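Visitor: If you're matching positions, the sequence shown starts at 9 in this note's numbering and goes up one per residue. What follows is a structure written as structure tokens; I'll ask about it next.
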Amino acid sequence: CPHCVNCTNKNIDLESELRKVREELTNSLQLKEEKGDLEKMRAEHTNLLIDMERMRADRIHINEAIKQEKGVLAEMERDKRSRYNELMEINDRIAESERVLGEQRAQQKRDLDSLKTEAEQLKKTVTELNIQKRTWYTRLPDPADSC
């Protein structure tokens, strides 16, 4: 009996119940999708936390390596300064040696000039003595004349 009030009310109740079930199913599906999305987001969040921890560890290792490199560079700088100072000391000793050698050369040149002057003077003296000797021999009586 499609036209009776009971059947019509039951149909309305069934349709209403069907709508409620559909809404609940839709809500349940949405909740499942949201729950899946939430699980995906949790997994991504966990992966991001793991990546951040790795990056933090990498940063610590990098900072440690930088400290070591700075230490090596500081040591190299100290060695460079030390070698520079040694070279400057050697350079100063060379300059002092060159100065002393220059003074010695100048003294040797003065000595040589003095010796040259003395040699010229001696030559003149020898020449004068030779002249005197010849003069003296010419003044001596001839030994053949004495016999």
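For every residue, glycine included, the Cβ atom is placed at its ideal position computed from N, Cα and C. Source: prediction; values computed, not measured.
Would you kindly work out how many angstroms separate the C-alpha atoms of E61 and E77, rounded to a whole number?
Guide: E61 and E77: Cα-Cα distance of roughly 24 Å.
Visitor: Let me know the secondary structure DSSP gives A152 once reduced to three states.
Guide: In the structure shown, A152 sits in coil (DSSP, three-state: anything other than H, G, I, E or B).
Visitor: In whole angstroms, what separates the C-alpha of K46 from that of E31?
Guide: Reading off the sequence, residue 46 comes out as Leu, not Lys. Whole-angstrom Cα-Cα distance: 22 Å.
Visitor: Distance check for I70 and E104, CA to CA, integer angstroms please.
Guide: So the alpha carbons of these two residues sit roughly 50 Å apart.
Visitor: Rounded to the nearest angstrom, what separates M63 and K48 at their Cα positions?
Guide: Each residue's Cα considered, the two are about 22 Å apart.
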